[in-house]
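Each protein sequence line maps, in turn, to chains S and W.
Add 635 to the 1-based position in the first sequence for the numbering used here, that's all there is to it.
Add 635 to the 1-based position in the second sequence for the numbering used here, that's all there is to it.
2 protein chains.
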Amino acid sequence: MRRNSYIANLKAGYLFPEIAKRRREFAASHPEAKIISLGVGNTTEPVLPHTNAGLVEGARKLGTAEGYSGYQDEGLEQLREKISSVFYRGKFNIDEIFISDGAKCDIGRLQILFGAGTRIAVQDPSYPVYVDGSVLAGAAGGFEGAGYKGITYLPCTAENNFFPNLELIPQNSLIYFCSPNNPTGAVSDRIQLTSLVNAAISKSCIIIFDAAYSEFIRDPLLPKTIFEIDKADTCAIEVNSFSKPAGFTGVRLGWSVVPKTLKYESGESVNTDWNRIAGTIFNGASNIAQAGGLAALDVEGLKEIRELTNFYLGNAKLIRDALIKLGINCIGGDNSPYIWAHFSGRDSWEIFSQILEKCHVVTTPGAGFGPAGQGYIRFSAFGHRADVEEACRRLEKL
Amino acid sequence: MRRNSYIANLKAGYLFPEIAKRRREFAASHPEAKIISLGVGNTTEPVLPHTNAGLVEGARKLGTAEGYSGYQDEGLEQLREKISSVFYRGKFNIDEIFISDGAKCDIGRLQILFGAGTRIAVQDPSYPVYVDGSVLAGAAGGFEGAGYKGITYLPCTAENNFFPNLELIPQNSLIYFCSPNNPTGAVSDRIQLTSLVNAAISKSCIIIFDAAYSEFIRDPLLPKTIFEIDKADTCAIEVNSFSKPAGFTGVRLGWSVVPKTLKYESGESVNTDWNRIAGTIFNGASNIAQAGGLAALDVEGLKEIRELTNFYLGNAKLIRDALIKLGINCIGGDNSPYIWAHFSGRDSWEIFSQILEKCHVVTTPGAGFGPAGQGYIRFSAFGHRADVEEACRRLEKL
């Protein structure tokens, strides 16, 4: 059997396993080191009581005749209604909201809507799954120089205040856009997102908008969903996740909004196709996870989301303050759990190694997120408070 | 944006939503009818106490500082070890076992290894996801006559005792093979599976072996995994699931075995690619589900698997006996939870409608599983005992 040539186009390993490997190697050669991770964006705190009770009850009732339930292909109706009312003011019907086992998995599957040869435009730097998933789907060629052939990188750097030049977007592209951004922590404002939507419409593009960090937004003027922007429902799909707000990354629960008003150029409904794809090669998120999600969205649960995201934003402030004190330029960390630190003219992997060796702190090298991430380091605010405080003290060694 | 042309190749809806729709319509026009479903293969009984305690504890500990865990990308090591020892006598290393959110989802993703244009051979009839997933992946063309262009259907009918003529398999194909079979309930014996492995090797094929129903096998001479066959580890991937044996379809947990000895024709490792794909567009099964899976595989849990599969096999016997009493030819139901009933010369959907109208029992029309399923009906043994008994009484009206 022949190997799918698209796989061969993917270079090296996926970013985070590569970082885990380097961490393991360092730990093996430095058994005395107490390594602290500010690397992967993985929540660390216990699930808060009310949300946890939802998970426990979801598991418990499967053991009872009255509470048992099997496949939940399309997701609990009640959960989809709740998502629409909590996050979208009831704008969407339940058949426009698809429960997933997480944003990453849906990002991988959504490419099937458009197929091989699709033109891709991504913020640069960006969450690696947009690009790697596109390569696997045949929407990009091999790696050449600093990026993959066929992908339009939209640099987001200090020079443009981390919002891309939309004129670079080609006609008929699939645009991946993430705000609050992973990794830069930058949040696009209403004017910026309006210009993005207008660009997408005028260039017949579709946006896959990743709003996984929206619950970290504290500035009331910043949009928490692309659907706050007029006409976004004719040009955008939104993916989102319970992982970060409810703090249960390993439980696997997210959702995608595919509006019925979204059409291909032929006029056919994208929603209908997505429903068919999800029904054919996916089988729904865990019913236990959905019970937890439901708890996370009631009055008590929403308080817990606020409490937990406040906690991680508190970590973010500590890291940001420590970096600023060291004279390092950085953004993010105010409306997002990521701090993006600039080490101008330096190689990201080299800084990564230096921080690991000098401070025993794991970070993420900016270059792992795309060519424009070179010279940057991402600090993640997901960690225990004592560890974050200790990491901040150690950073002074830099 | 253009629609992926592969989607347009898919005809109508996925089988089971279509059945659900017809059921809803019937219920709406016959509000008095007490409909019983022997249709979808969806478990109905509460999760048994020990396995359920594993799920509850998996959820509970996420609420504690000591027990919290985040992403489990590759799956719990302990669970992968347990799967290797319980199902494969320890034959595989943990890096050959990949935890999934269910067999259906992995079947959809595995196609990425080979890509568009792959030749596909399937048992006919077969679980719809093999064919529909292949169409979505561009490994088949449009629907013509009774099947999809580019797919080699391997008829499994009463005439060949439900084992296909392997000479029909083209060189270099991806072979989907399911035993115990869904929908026919037939189980391939050691000689048959040996001939399948030999055919795959001599024709440079790879088998995706679906063993999701292996725990229903009672005949000790029948193989429960393709890896009981010599050299299968050079030509096969096995997908499997906790859904049916542990009886928690909605919890979402399965696994795939991709042996390191499995190579593409170029000599490259399939295992390495699968690891990369899983890491890139998947994020692991729910950690709560994995805690339940771990409980299901210890001594107490394995007793529960036996107890639960015995229960459903008891249902299967009732259905089979009722059909035989009516003079209807059928197979399956002894080492599998499906009974495949032959209504020679009749149209499947017509029999489906007749059973629904006369008996208020939902079944699955054989033609929904492929052209050779025409004239057959699948009865699923997943149901409450009282419902199955009542359904059997009503079937006498046929």
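Where a beta carbon is used, it is the ideal one built from N, C-alpha and C, also for glycine.
The structure presented is a predicted model; accordingly, all values stated were derived computationally and were not measured.
Check residue i in the structure and name its three-state DSSP category.
| i | result |
| --- | --- |
| Pro855 of chain W | coil |
| Val682 of chain S | coil |
| Thr884 of chain W | helix |
| Val1023 of chain W | helix |
| Gly902 of chain W | coil |
| Thr787 of chain S | strand |
| Phe651 of chain W | helix |
| Gln707 of chain W | coil |
| Leu645 of chain S | coil |
| Val590 of chain S | Given that chain S is displayed from residue 636 to residue 1033, the structure contains no residue 590 of chain S and the question cannot be resolved. |
| Val675 of chain W | coil |
| Val997 of chain W | strand |
| Ala1002 of chain W | helix |
| Val822 of chain W | coil |
| Gly782 of chain S | strand |
| Glu1077 of chain S | Absent from the structure is residue 1077 of chain S, since the part of chain S shown begins at 636 and ends at 1033. |
| Phe722 of chain S | helix |
| Lys669 of chain W | coil |
Who are the Cβ neighbours of residue i in its own chain at under 7 Å, not counting the five residues just before and after it?
| i | result |
| --- | --- |
| Lys895 of chain S | Glu731, Ser904, Asn906 |
| Ala751 of chain S | Ala772, Gly773, Ala774 |
| Thr686 of chain S | Ala881, Gly927, Ala930, Ala931, Gly936, Glu939 |
| Cys1027 of chain W | Leu953, Ile954, Ala957 |
| Val770 of chain W | Tyr641, Asn644, Leu645, Tyr783 |
| Gly1010 of chain S | His977, Phe978, Ser979, Gly980, Arg981, Ser983, Gly1001 |
What are the boundary residues of the alpha helix (DSSP H) that residue i is part of?
| i | result |
| --- | --- |
| Asn945 of chain W | 934-960 |
| Leu929 of chain S | 922-931 |
| Asp736 of chain W | Element bounds for Asp736 of chain W: n/a, residue is neither H nor E. |
| Tyr765 of chain S | 763-771 |
| Phe812 of chain S | Looking at the DSSP string, Phe812 of chain S is not in any alpha helix (DSSP H); the run it does join, the beta strand (DSSP E), is 808-813. |
| Ile842 of chain S | Careful: Ile842 of chain S lies outside any alpha helix (DSSP H), inside the beta strand (DSSP E) at 841-845. |
Among the options, which residue has its Cα nearest to the Cα of residue i?
| i | options | result |
| --- | --- | --- |
| Ala963 of chain W | W:Pro972, W:Arg981, W:Ser971 | Reading off the sequence, residue 963 of chain W comes out as Ile, not Ala. Nearest C-alpha to Ile963 of chain W: W:Arg981. |
| Ser988 of chain S | S:Lys938, S:Asp854, S:Ala655, S:Asn644 | S:Ala655 |
| Ser735 of chain W | W:Ile923, W:Ser901, W:Glu692 | W:Ile923 |
| Leu683 of chain W | S:Ser808, S:Ala700, S:Ser719 | S:Ala700 |
| Phe851 of chain W | W:Asn677, W:Asn970, W:Asn639 | W:Asn970 |
| Ile872 of chain S | S:Lys859, S:Ile990, S:Val892, S:Arg887 | S:Val892 |
| Ala931 of chain W | W:Glu779, W:Lys898, W:Pro972, W:Leu888 | W:Leu888 |
| Ile671 of chain S | S:Leu801, S:Ala738, S:Ile990, S:Ala913 | S:Ile990 |
| Glu653 of chain W | W:Val675, W:Lys669, W:Lys952 | W:Val675 |
| Pro763 of chain W | W:Thr678, W:Ala738, W:Cys1027 | W:Ala738 |
| Asn800 of chain W | W:Ile966, W:Phe722, W:Leu789, W:Lys838 | W:Leu789 |
| Arg853 of chain W | W:Tyr641, W:Glu667, W:Tyr706, W:Asn945 | W:Asn945 |
| Ile912 of chain S | S:Val770, S:Asn796, S:Arg744 | S:Arg744 |
| Glu716 of chain S | S:Val822, S:Phe733, S:Gly785, S:Gln707 | S:Phe733 |
| Ala847 of chain S | S:Cys813, S:Val886, S:Glu863, S:Gly777 | S:Cys813 |
| Ser878 of chain S | S:Ile841, S:Glu863, S:Ile940, S:Gly902 | S:Ile940 |
| Gln925 of chain W | W:Glu942, W:Ile742, W:Phe883 | W:Phe883 |
| Asn910 of chain W | S:Pro681, S:Tyr649, S:Tyr641, S:Ser720 | S:Tyr649 |
| Asp845 of chain S | S:Asn875, S:Tyr783, S:Gly777 | S:Asn875 |
Over the uninterrupted beta strand (DSSP E) stretch that includes residue i, give me the two end residues.
| i | result |
| --- | --- |
| Gly889 of chain W | 889-892 |
| Thr1035 of chain S | Since the first and last residues shown for chain S are 636 and 1033, residue 1035 of chain S lies out of range. |
| Cys989 of chain S | The sequence as given places Gln at residue 989 of chain S; Cys does not occur at that position. Taken as a continuous stretch (DSSP letters only), Gln989 of chain S belongs to no beta strand (DSSP E), being part of the alpha helix (DSSP H) at 983-994. |
| Gln758 of chain W | 754-759 |
| Glu1014 of chain S | The sequence given here has Phe at residue 1014 of chain S, not Glu. Residues 1011-1015. |
| Ser876 of chain W | 871-876 |
| Tyr973 of chain S | 973-977 |
| Ile966 of chain S | 964-967 |
Spatial neighbours of residue i within its chain, please: C-beta separation below 8 Å, excluding the five flanking residues on both sides.
| i | result |
| --- | --- |
| Ile836 of chain W | Lys866, Thr869, Cys870 |
| Thr787 of chain W | Arg754, Ile755, Ala756, Val757, Leu803, Ile804, Pro805, Ser808 |
| Leu961 of chain W | Leu1030, Glu1031, Leu1033 |
| Asp824 of chain W | Leu856, Leu857, Pro858 |
| Ser839 of chain W | Gln806, Asn807, Glu900 |
Sorted by chain position, which residues of the same chain lie with C-beta nearer than 6 Å to residue i's C-beta, five sequence neighbours on each side aside?
| i | result |
| --- | --- |
| Tyr811 of chain W | Val757, Tyr765, Ile843 |
| Phe797 of chain W | Cys791, Thr819, Ala821 |
### Query
Any chance the stretch 864-873 of chain W sits against the stretch 820-836 of chain W, with 3 or more Cβ pairs inside 8 Å?
yes
### Task
Taking 8 Å as the threshold, find out whether the stretch 1018-1026 of chain W comes into contact with the stretch 685-700 of chain W through three or more Cβ pairs.
no
### Task
For the stretch 809-824 of chain S and the stretch 638-652 of chain W, state whether three or more C-beta atom pairs, one from each stretch, are separated by less than 8 Å.
no
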